[in-house]
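Numbering (numbering that gives the first Met the number 0), first residue to last: 0 to 186. Quick reminder that beta carbons are idealized off the backbone N, C-alpha and C, glycines included. None of these values were measured; they are calculated from a predicted model. Right, one structure below, let's go through it.
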Amino acid sequence: MVGAGISTPSGIPDFRSPGTGYYSRLQQYKVPYPEAIFELAFFFQDPKPFFTFAKELYPGNYRPNATHYFLRLLHEKGLLLRLYTQNIDGLERASGIPASKLVEAHGSFASATCTVCRRPIPEEAFWAEVMADRVPHCPVCTGIVKPDIVFFGELLPNRFLLHVADFPMADLLLILGTSLELDGWDT
0 MVGAGISTPS GIPDFRSPGT GYYSRLQQYK VPYPEAIFEL AFFFQDPKPF
50 FTFAKELYPG NYRPNATHYF LRLLHEKGLL LRLYTQNIDG LERASGIPAS
100 KLVEAHGSFA SATCTVCRRP IPEEAFWAEV MADRVPHCPV CTGIVKPDIV
150 FFGELLPNRF LLHVADFPMA DLLLILGTSL ELDGWDT
């Protein structure tokens, strides 16, 4: 299981580090409080701050680092049953870990969906709009297009629950780069 800490060497800030994490820097986006940028109600009221922030996370801006390649090596050696990631940056995919081995618990920017008609939108079309400083809209119904990442209050992807059977089969669980603080999970 991995979190944002494995991507900080690639130049991507984590969310919670005081002073340097994204939550510390989100006031520049004119949000009432940092977490609002990932709340559906705020997103539908004013999607522009989210998409301005999303440009910072554009997959082409960052490259996998040694930790991502270590995880790929585990896969290549047949030692990786599954990689559960809290990250939405896509660097695990970019390092060469196949999608069949990934469970992106918080979703991914690799796909996007219309919030009204649920039509999948091609990744290239989504990013073209975001990078042009436009809120992406569905070409069919004009609904707002949202990347397939988990916002506060949304359920985890079905794929996360499908692989619960992995845990008893694992010989070893590596936890890297995460505080294991998951919003919405009571322990």
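Fully contained in the segment 58 to 85 are the following alpha helix (DSSP H) runs of length 4 or more, in chain order: 65 to 75.
In this structure, the alpha-carbon of K54 lies about 6 Å from that of M130.
K145 carries a strand assignment under DSSP once its states are collapsed to helix, strand and coil. Nearest in C-alpha terms to L82, of all of A104, K76, Y61, is A104. Counting only the Cα atoms, I143 lies some 10 Å from R117. Short of 6 Å from the beta carbon of Y68, and not among the five residues preceding or following it, lie these beta carbons of its own chain, in chain order: S94.
For S178, the three-state secondary structure derived from DSSP is coil. The beta carbon of L80 lies closer than 7 Å to those of D165, M168, A169 in the same chain, with the five residues before and after it left out. Taking V139 as the centre and dropping the five residues before and after it, the same chain places the C-beta of C113, C116, R118 closer than 8 Å to its C-beta, in chain order. Taken atom to atom, the span from the alpha-carbon of L39 to that of F49 is near 10 Å.
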